[in-house]
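First to last, the sequence lines map onto chains A and B.
Numbering follows this note's numbering, in which position 182 of the first sequence is assigned residue number 247; successive positions increment by one, without gaps.
Numbering follows this note's numbering, in which position 116 of the second sequence is assigned residue number 117; successive positions increment by one, without gaps.
The C-beta atom is built at its ideal place from N, Cα and C for all residues, glycine as well.
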Amino acid sequence: MKTERVWTERLLFLLVIAITLIFLFPFIWMLLASFKTQAQILSNQSIFVFQPTGENYATVFRDYNYTRFIFNSLLVAFLSTLFGLVLGLPASYAIAKYKQNGLAFSILIARVIPGISFMIPWYIIFSKIGLVDTYLSLILAHMLVGLPFIIWVMISFYENLPHELEESARVDGCTIQGAFFRILLPLSVPGIVTASILAFIFSWNNFMFALVLSGEKTKTLPIAVYSFLSYSNINWGALMAAAVVITLPILVITLILQRYVVSGITVGAVKG
Amino acid sequence: MNMKRNAAMLAGTITLFGTILSGCGGGGTVGQPAGQSAGQAAGQSAAAEKNSKPYAGTTLRLVTANHAWTDLIKPKIPEFEQQTGIKVNLESYFEDQLTQKLTVEFTSGSSSVDVFMMRPLQEGKMFIQNGWVGEMTKKDDPDWDFKDFTNASTGSLIQGGKLYGVPIVTEREILYYRKDILEKNNIPVPKTLDELKQAAAKLNDPNNGFYGFVARGQRAAAVTQFSSFLYGMGGDFMKDGKATIDTPEAVSAFKTYGELLKSYGPPGVLNMSWPQAIGIFGQGKAAFYTDADSLYPNLLDPQKSSVGDKTGFALFPAGSKGQTPYNVTSWSLAIQAKSKNQAAAWEFVKWATSKQAMTALQGKGIPGPRQSVWNTDEGKKSFPPELVNVISKSNELGKAYDRPILINVGEARDVIGSVIVTAISGEDVEKAAKQANQQFQAIIDKEKK
Numbered sequence: 066m067k068t069e070r071v072w073t074e075r076l077l078f079l080l081v082i083a084i085t086l087i088f089l090f091p092f093i094w095m096l097l098a099s100f101k102t103q104a105q106i107l108s109n110q111s112i113f114v115f116q117p118t119g120e121n122y123a124t125v126f127r128d129y130n131y132t133r134f135i136f137n138s139l140l141v142a143f144l145s146t147l148f149g150l151v152l153g154l155p156a157s158y159a160i161a162k163y164k165q166n167g168l169a170f171s172i173l174i175a176r177v178i179p180g181i182s183f184m185i186p187w188y189i190i191f192s193k194i195g196l197v198d199t200y201l202s203l204i205l206a207h208m209l210v211g212l213p214f215i216i217w218v219m220i221s222f223y224e225n226l227p228h229e230l231e232e233s234a235r236v237d238g239c240t241i242q243g244a245f246f247r248i249l250l251p252l253s254v255p256g257i258v259t260a261s262i263l264a265f266i267f268s269w270n271n272f273m274f275a276l277v278l279s280g281e282k283t284k285t286l287p288i289a290v291y292s293f294l295s296y297s298n299i300n301w302g303a304l305m306a307a308a309v310v311i312t313l314p315i316l317v318i319t320l321i322l323q324r325y326v327v328s329g330i331t332v333g334a335v336k337g
Numbered sequence: 002m003n004m005k006r007n008a009a010m011l012a013g014t015i016t017l018f019g020t021i022l023s024g025c026g027g028g029g030t031v032g033q034p035a036g037q038s039a040g041q042a043a044g045q046s047a048a049a050e051k052n053s054k055p056y057a058g059t060t061l062r063l064v065t066a067n068h069a070w071t072d073l074i075k076p077k078i079p080e081f082e083q084q085t086g087i088k089v090n091l092e093s094y095f096e097d098q099l100t101q102k103l104t105v106e107f108t109s110g111s112s113s114v115d116v117f118m119m120r121p122l123q124e125g126k127m128f129i130q131n132g133w134v135g136e137m138t139k140k141d142d143p144d145w146d147f148k149d150f151t152n153a154s155t156g157s158l159i160q161g162g163k164l165y166g167v168p169i170v171t172e173r174e175i176l177y178y179r180k181d182i183l184e185k186n187n188i189p190v191p192k193t194l195d196e197l198k199q200a201a202a203k204l205n206d207p208n209n210g211f212y213g214f215v216a217r218g219q220r221a222a223a224v225t226q227f228s229s230f231l232y233g234m235g236g237d238f239m240k241d242g243k244a245t246i247d248t249p250e251a252v253s254a255f256k257t258y259g260e261l262l263k264s265y266g267p268p269g270v271l272n273m274s275w276p277q278a279i280g281i282f283g284q285g286k287a288a289f290y291t292d293a294d295s296l297y298p299n300l301l302d303p304q305k306s307s308v309g310d311k312t313g314f315a316l317f318p319a320g321s322k323g324q325t326p327y328n329v330t331s332w333s334l335a336i337q338a339k340s341k342n343q344a345a346a347w348e349f350v351k352w353a354t355s356k357q358a359m360t361a362l363q364g365k366g367i368p369g370p371r372q373s374v375w376n377t378d379e380g381k382k383s384f385p386p387e388l389v390n391v392i393s394k395s396n397e398l399g400k401a402y403d404r405p406i407l408i409n410v411g412e413a414r415d416v417i418g419s420v421i422v423t424a425i426s427g428e429d430v431e432k433a434a435k436q437a438n439q440q441f442q443a444i445i446d447k448e449k450k
């Protein structure tokens, strides 16, 4: 009986490892390929045994000046998330408190409409007011998706906070604003972290808006990564190195804040 | 009283000025001619400056594709800026995104793009019909010598007798082969598609991971490389507005291409565009490979390929109706119709496509459109001698398009590509071709309206 359970556990453990490996394989391949030469990447000899080279990373940072693109991406992602929070947190609180479901749905529409349909109107507006190839236009564009997302995650979060908390604060002489900033905001940190990470990742990976609205000065990473694909030549090694550079910061941030993400996502799963 | 004082002061001032003026005149008589001539000289040199640099201070926005051409022209741009005083801001994008970005900017009516890179056969027709591409009016400039461009290279850029862009990169389909393998097996270089098939059959050895033939098998990507087969069999994509991909000639071309890849090609060929196909050939796993000549540096670079010194280049083999590889302009430079700097933009295009610039670029491996450059040693030096011969001959034989010339090229390529896929899978080609022909005709008809 006992040995049977041990065996089931071992089997389960093996299964977990197998599944993890399958999911991790593309990532591992990418990581390994970023240290290989073009010929080594295309060769069908062993994937794991090879003479590593740092040349690809040198290409990425020296020849293509990736530090600049990383800066651009960080700036746009950070600020669009920040402004999204500044506008989104009070908005979602108000929506949750006063049950403004119609408003919530109209905000959601921004996410339902395919992003590409905004492209031409935006380009016309932004080019008329001279905002093409500025950080501002990218930040605004990325907020279009980030903001509704933050609002929707936070609505359900605020709905689940007991409203007695706010009432007690009010009884003790707090204004509504005071209660929001002093009581509810600190309590909603896990939700804020979840929403921010996801909004940040969205902005970090966004390609379409950046393609049209950015220029040489404000190019972000997803656009820059295409520098290694050209008409009759694909630099796989540098492409993989650039992909690692793009993935790494997100991976690190997510691993550090993972605890919050999980607790944020499951918030409201069980009402009680 | 006040007025009186003012008048007195005015009189005094005038007297003062008078003295100064007369004094000046007296002293200046000797120096005058010298001063005048110096002033004139300065004026003249300023005028000369203005003549040689009429567009100084203009800023051009140049939007290009990620291409070897862009990489090579970039370091030369400061020369142009110095010569003309025009500032050039260069941006580059991967080709699909370039089309996307330009389409959005042009649709919105923005005038910020001055000069851009355009694929005449892919987006050219759409761009030109939408009135986005400016006409090149000064093509008869003798210094620039328009006649030097091969007819095949400009064919796709002239519409209604007007020039809408200048070719910068040209491309032909050729046959890549393994010199060592052919020699070892005592097989001559195939001159016809039949000979190619026989040789591929003989060399095909799938048990040892070696294949007779490789080429693109991916639906839309394969269409351009299939075109030379189609022409060789006497077929074409369309004729006088009628789709012709179900004619017996076309069907035999589909069958030939399909059979080569089905019987002698590597597994998974349906997922192969050029990067995968050239990978197979570059790893020494195939005897023959047909694709664009512009890809050759991928095979010669030891970093990317293990067959650099073993690769041979041959003219695309003849079909039953002769030898007709495509010979196209893959990239051209165009000026946006709405650009506010038309003259300066033309100045740039003229400079970038001058004999000098093209010789320098071709010397670094960009197959250009100028016949005179192909006749110089500088123009040939970076190409293997065998390849130069093949290119020169293809320049005479070739057809100026490798896909149907339409606005919805992408859609048409998918339709035609589906027949290629059917052929490679070994299914009923006639039936597929009939069906595809109807769909293709529908695309053509839609554009006529």
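Cβ shell of residue i (< 7 Å), same chain only, five flanking positions each side left out
i	result
serine 268/A	Val141, Ala142, Ser145, Thr146, His207, Gly211
glutamate 387/B	Gly313, Phe314
serine 306/B	Gly283, Asn299, Leu300
valine 277/A	Met184, Tyr188
arginine 62/B	Asn90, Ser113, Val114, Asp115
isoleucine 311/A	Leu286, Val290
lysine 365/B	Leu73, Ser383
glutamate 431/B	Val252
Nearest neighbour of residue i, chosen from the options [CA to CA]
i	options	result
serine 154/B	Gly162/B, Thr171/B, Gly161/B	Thr171/B
asparagine 187/B	Asp195/B, Tyr177/B, Leu204/B	Leu204/B
proline 303/B	Leu154/A, Ile194/A, Asn130/A, Gln105/A	Gln105/A
leucine 139/A	Leu322/A, Ile321/A, Pro314/A, Phe246/A	Pro314/A
alanine 433/B	Lys192/B, Thr151/B, Lys256/B	Lys256/B
leucine 91/B	Leu194/B, Thr85/B, Lys77/B	Lys77/B
proline 55/B	Pro370/B, Lys365/B, Ala345/B	Ala345/B
threonine 259/A	Leu226/A, Ile160/A, Met273/A, Leu320/A	Leu320/A
alanine 303/A	Leu97/A, Thr68/A, Val277/A, Gly180/A	Leu97/A
leucine 296/B	Asn438/B, Gly269/B, Ser331/B, Gly110/B	Ser331/B
asparagine 67/B	Thr104/B, Gln84/B, Arg120/B, Asp115/B	Arg120/B
aspartate 146/B	Val430/B, Gly162/B, Thr423/B, Lys356/B	Lys356/B
serine 171/A	Lys162/A, Ala156/A, Ser182/A	Ala156/A
Cβ shell of residue i (< 6 Å), same chain only, five flanking positions each side left out
i	result
threonine 71/B	Thr65, Ser93
alanine 83/A	none
alanine 57/B	Gly86
threonine 354/B	Val167
Whole-angstrom C-beta distance between residue j and residue i, which should lie under 8 Å
i	j	result
tyrosine 290/B	aspartate 403/B	Contact flag wrong, Cβ pair sits at about 17 Å.
asparagine 298/A	asparagine 299/B	6 Å
isoleucine 408/B	methionine 127/B	5 Å
tyrosine 258/B	lysine 400/B	Tyrosine 258/B to lysine 400/B, Cβ: 17 Å. No contact.
glutamine 101/B	glutamate 174/B	27 Å between Cβ atoms; not a contact.
isoleucine 216/A	alanine 234/A	Not really, about 23 Å apart at Cβ, beyond 8 Å.
glutamate 82/B	lysine 75/B	Not really, about 12 Å apart at Cβ, beyond 8 Å.
glycine 309/B	methionine 234/B	That pair is no contact at about 33 Å.
alanine 222/B	serine 274/B	4 Å
isoleucine 425/B	leucine 262/B	5 Å
Residue i classed as buried or exposed, judged by whether at least 16 other C-beta atoms fall within 10 angstroms
i	result
serine 229/B	buried
phenylalanine 95/B	buried
serine 111/A	exposed
phenylalanine 113/A	exposed
phenylalanine 441/B	buried
glutamate 232/A	exposed
lysine 341/B	exposed
serine 53/B	exposed
tryptophan 94/A	exposed
Residues near residue i in its chain [Cβ-Cβ closer than 8 Å; skip 5 each side]
i	result
proline 117/A	Phe100, Lys101
lysine 164/A	none
Residue i Cβ short of 8 Å to the ligand COA heavy atom set
i	result
valine 374/B	Absent from the structure shown: the ligand COA. Ligands present: none.
Extract the residue ranges of the alpha helix (DSSP H) inside the segment 53–106 of chain B, only unbroken runs of 4 or more that lie entirely within it. 69–74, 78–85
List in chain order: all unbroken alpha helix (DSSP H) runs of 4+ residues lying wholly within the segment 355–407 of chain B. 356–363, 372–375, 378–381, 386–398
Restricting to runs no shorter than 4 residues, where is the alpha helix (DSSP H) found entirely within the segment 241–327 of chain A? 241–244, 254–270, 273–278, 286–289
Which runs of the beta strand (DSSP E), 3 residues or longer, sit entirely within the segment 211–239 of chain B? 212–215
Give the residues from the segment 270–292 of chain B that approach chain C closer than 7 Å (Cβ to any Cβ), ordered along the chain. Although the question refers to chain C, the structure presented lacks it and instead comprises the protein chains A and B.
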